[in-house]
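*Asks:* Encoded as structure tokens, here's the structure I'll be asking about.
Chains as they are written, first to last, in the working numbering: chain W, 4 to 539; chain L, 5 to 176.
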């Protein structure tokens with residue numbers, strides 16, 4: 004009996020975190036907290052280096068023999084190429100303003116998810132290899148050797164950053180940690196150490212034009228199926244055109260809206276709106292993806308995948324491009340496309356054919372966000388809307404990170420929602436607009452193997468949704484991002500059951516009164532409209 | 005329900021603030037130091053939801069014990085604490101252990117009263133058994149969370165397969 008522990012001894016389990024310094028705490032790859040490694044076929048398909056069978060959980064990552072040289076040369080090249088990178092490496096004073104702003108830090112409690120510390124993972128190697136003080140003084144000035152453990156640490160934490168840029172809003176120096184993550188991921192790609200969810204999507208997109216790998220006929224069939232659903236609900240048959248030369252507008256949406264539930268209802272909303280306006284537009288089975296996982300791979304890959312937008316616009320001879328509800332797609336369009344693949348001088352400055360409004364903000368890119376387009380229509384009273392058709396919904400709006408922080412799109416979606424819904428409730432001020440909390444699955448992390456980490460990262464957002472759900476009975480979380488629409492349903496299922504996820508144009512589709520439509524009894528999901536529940 | 009805590013109830017009420025603070029501190033110690041500092045400092049419900057939920061959770065549990073509430077009253081408060089720990093970097097025992105911490109805090113905080121006989125042993129045992137029961141409920145919630153997580157993953161994969169079959173025209 005002497006060996007029987009007393010109750011308080013049993014309780015003395017090791018619940019304490021490691022007390023080692025961060026540099027000396029190696030990463031442990033536990034299932035649920037890391038994404039699967041890129042498969043060799045997908046790396047090969049893109050001509051990326053070091054294709055091999057591997058898993059991040061393996062001891063041996065099968066790195067190329069000269070991996071260190073490759074990484075350091077890669078870093079040197081990028082320090083020379085991007086002045087911002089060198090500035091971000093040198094300028095941080097570790098004031099800590101960003102430290103508690105990251106959703107992954109808040110939700111996981113892992114200090115290496117503090118943006119300042121995440122950046123230190125890279126900065127420490129920069130100091131050691133590229134600064135005199137670091138070379139001489141080493142750890143005293145926060146410098147450290149580049150080892151295989153450091154590579155693993157980079158992989159672990161740079162694939163725990165969703166590049167949402169919330170931290171950068173609070174940095175007094177304007178350091179953009181998302182850009183550091185972008186660079187770190189580029190460096191990891193040089194060793195073939197990327198995640199399959201991103202590389203497979205990029206490989207698909209490279210071959211078929213979209214992340215899902217839908218081929219033209221399947222793309223056509225899926226849209227046709229959505230038109231069947233619209234006909235069932237409204238009695239109106241819509242026949243969108245594909246790859247039609249001479250159309251005035253090319254419309255590009257994220258493929259998630261064509262293929263993923265609940266994105267499809269948003270796509271139905273787009274189709275209904277365009278039909279009602281009699282818009283001269285076409286879809287493309289080549290430019291069949293607005294999203295761009297190349298952004299999460301490398302600058303070159305982003306440029307390559309983005310190029311099809313202007314190519315297709317030029318080939319079809321359209322005047323300008325209209326873009327659907329997507330998040331990172333708009334970061335690429337708004338911040339990089341023009342200089343990367345422009346100037347698109349074969350296109351015209353976008354003008355709404357319905358209202359005559361010139362979209363001067365899109366003068367250079369020639370591409371207009373659909374909420375800008377629709378908000379303008381409503382403003383000019385061009386749509387007949389029956390708000391009461393959304394009365395069964397109590398709606399809140401999530402500012403998707405990229406449209407919010409990369410293009411300042413705050414008012415248009417709200418203006419639309421307020422014109423198509425009677426019940427709209429904002430989440431608390433410090434969780435919306437430029438301070439919006441990420442869904443926790445952005446930048447290509449929306450895969451199922453990462454679910455546990457996604458629940459951590461998405462907690463701050465879910466917590467604010469829970470607040471309006473409990474206070475006002477909110478049952479719909481609307482957003483303007485396809486990735487949000489994919490990532491939020493599981494997040495809500497775990498944290499706030501009873502809240503559905505919708506795009507803004509799904510709500511538009513519900514409220515839109517179309518010429519010649521039959522009396523609507525159901526919303527786009529086939530759910531009874533407000534007031535119709537008791538009619539049976 | 006009769007609280008049956010006798011004198012202990014009085015001392016638990018009187019020392020509520022200190023006991024809750026110490027309990028909170030012990031829970032924070034399960035996190036790395038930098039994180040614990042943040043969880044303690046920021047009181048905003050939305051900027052620091054983990055810290056806020058733990059605070060609300062332990063307060064609710066404590067009040068429930070004092071009021072002799074039925075099991076169902078404790079669920080939302082236990083949920084606030086364990087739902088996040090179920091997906092954080094903790095083993096099941098580490099996730100649930102935080103409920104047992106209350107016993108440790110009460111023993112330490114009321115040591116004089118216990119050893120001095122102001123609180124009798126039966127009352128203490130009743131209290132501790134109650135905490136044990138709450139820990140078991142917490143384990144149920146922990147398991148619900150983990151099962152839900154698995155269900156969510158399965159659904160994601162199922163949906164994907166379903167869509168693929170649909171795309172390949174293999175189902176009507």
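Where is the CB? At the ideal position from N, CA and C, for every residue including glycine. A quick note: this is a predicted structure, and the numbers were derived from the prediction, not measured.
Starting from residue 323(W), follow its DSSP beta bridges and name the residues at the other end.
*Replies:* Looking at the DSSP assignment, residue 323(W) forms a beta bridge with 252(W).
*Asks:* Looking only at its own chain, which residues have a Cβ that is under 7 Å from the Cβ of residue 214(W), when we skip the five neighbours before and after it?
*Replies:* Exclusion of the five residues before and after residue 214(W) leaves 204, 207, 208, 258, 292, 294 and 296 as the residues of its chain whose Cβ lies within less than 7 Å of its Cβ.
*Asks:* Please say whether residue 250(W) and residue 288(W) have beta carbons closer to each other than 7 Å?
*Replies:* One thing to note: residue 288(W) has its Cβ no nearer than 7 Å to the Cβ of residue 250(W).
*Asks:* Is residue 500(W) buried or exposed, if buried means 16 or more other CB atoms sit within 10 Å of its CB?
*Replies:* exposed
*Asks:* Per the DSSP calculation, residue 399(W) is bridged to which residue(s)?
*Replies:* According to DSSP, which records beta bridges pairwise, residue 399(W) is partnered with 480(W).
*Asks:* Measuring CB to CB, does residue 55(L) end up less than 7 Å from residue 43(L)?
*Replies:* yes
*Asks:* DSSP three-state label for residue 539(W), please.
*Replies:* Because the pLDDT at residue 539(W) is just 41, under 50, the model does not fix this residue reliably, and the value given afterwards should be weighed accordingly. Note: residue 539(W) maps to coil in three-state DSSP.
*Asks:* What is the residue span of the alpha helix (DSSP H) that residue 275(W) lies within?
*Replies:* Where residue 275(W) is concerned, the enclosing alpha helix (DSSP H) stretches over 266-280.
*Asks:* Do you know offhand how far residue 419(W)'s Cα is from residue 76(W)'s?
*Replies:* 49 Å
*Asks:* Starting from residue 496(W), trace the alpha helix (DSSP H) in both directions and tell me its first and last residue.
*Replies:* 485-498
*Asks:* Would you identify the three-state DSSP class for residue 5(W), choosing helix, strand or coil?
*Replies:* At residue 5(W), the pLDDT of 49 sits below 50, so the modelled position is not reliable; the number obtained from the coordinates is stated separately. If DSSP states are grouped into helix, strand and coil, residue 5(W) belongs with coil.
*Asks:* Since residue 119(W) is in the alpha helix (DSSP H), which residue starts that stretch and which ends it?
*Replies:* Per DSSP, residue 119(W) belongs to the alpha helix (DSSP H) from 118-133.
*Asks:* Taking 7 Å as the CB-CB limit, is residue 434(W) close to chain L?
*Replies:* It does; some Cβ of chain L falls within 7 Å.
*Asks:* Going straight from the alpha carbon of residue 11(L) to that of residue 124(L), what length do you get?
*Replies:* Taking the straight line from one Cα to the other gives about 8 Å.
*Asks:* Inspect the CB distances between the segment 457-467 of chain W and the segment 408-423 of chain W and report whether three or more fall short of 8 Å.
*Replies:* With contact defined as three or more Cβ pairs closer than 8 Å, the segment 457-467 of chain W and the segment 408-423 of chain W are not in contact.
*Asks:* Let me see if you follow: with CB-CB separation under 7 Å, is residue 156(L) close to chain W or not?
*Replies:* yes
*Asks:* Cα separation between residue 163(W) and residue 89(L)?
*Replies:* 18 Å
*Asks:* Could you give the distance in angstroms between the alpha-carbon of residue 81(W) and the alpha-carbon of residue 132(W)?
*Replies:* 14 Å
*Asks:* List the endpoints of the continuous alpha helix (DSSP H) containing residue 60(L).
*Replies:* Segment 53-71, the alpha helix (DSSP H) holding residue 60(L).
*Asks:* Between which residues of its own chain and residue 124(W) is the CB-CB distance below 8 Å, once the five residues before and five after are set aside?
*Replies:* By the criterion of a C-beta distance shorter than 8 Å, residue 124(W) is surrounded in its chain by 115, 153, 156, 157, 160, 161 and 187, once the five residues flanking it on both sides are discounted.
*Asks:* Considering only the alpha carbon of each residue, which of 37(L), 58(L) and 38(L) lies closest to residue 47(L)?
*Replies:* For the residues 37(L), 58(L) and 38(L), the minimum Cα distance to residue 47(L) belongs to 58(L).
*Asks:* Counting only runs that start and end within the segment 41-100 of chain W, where is the alpha helix (DSSP H) found for 4 or more residues in a row?
*Replies:* Whole alpha helix (DSSP H) segments, 4+ residues: 43-48, 70-84 and 86-94.
*Asks:* Which stretch, first to last residue, makes up the alpha helix (DSSP H) that contains residue 363(W)?
*Replies:* Where residue 363(W) is concerned, there is no enclosing alpha helix (DSSP H), because DSSP gives it neither an H nor an E.
*Asks:* Between residue 76(L) and chain W, is there a C-beta pair that is closer than 7 Å?
*Replies:* no
*Asks:* Thinking C-alpha only, which one of 129(L), 78(L) and 158(L) is nearest residue 144(L)?
*Replies:* 78(L)
*Asks:* Using a 10 Å radius around the Cβ and a threshold of 16 neighbouring Cβ atoms, would you call residue 18(L) buried or exposed?
*Replies:* exposed
*Asks:* Would you verify that the beta carbon of residue 454(W) is, or is not, closer than 7 Å to some beta carbon of chain L?
*Replies:* yes
*Asks:* Roughly how many angstroms separate the alpha carbons of residue 48(W) and residue 191(W), rounded to a whole number?
*Replies:* 17 Å
*Asks:* Could you give the residue range of the beta strand (DSSP E) that holds residue 370(W)?
*Replies:* 370-372
*Asks:* Any beta-carbon of chain W closer than 7 Å to the one on residue 152(L)?
*Replies:* yes
*Asks:* Going along the chain, which residues of its own chain have a beta-carbon closer than 7 Å to the beta-carbon of residue 375(W), five neighbours each way excluded?
*Replies:* Cβ neighbours of residue 375(W) beyond the five flanking positions: 362 and 415.
*Asks:* Comparing alpha-carbon positions, which option in 109(W), 495(W) and 243(W) lies nearest residue 50(L)?
*Replies:* 109(W)
*Asks:* State the beta-bridge partners of residue 427(W) as determined by DSSP.
*Replies:* 398(W)
*Asks:* Just the Cα atoms here: how many angstroms apart are residue 444(W) and residue 127(L)?
*Replies:* Approximately 49 Å between the Cα atoms of the pair.
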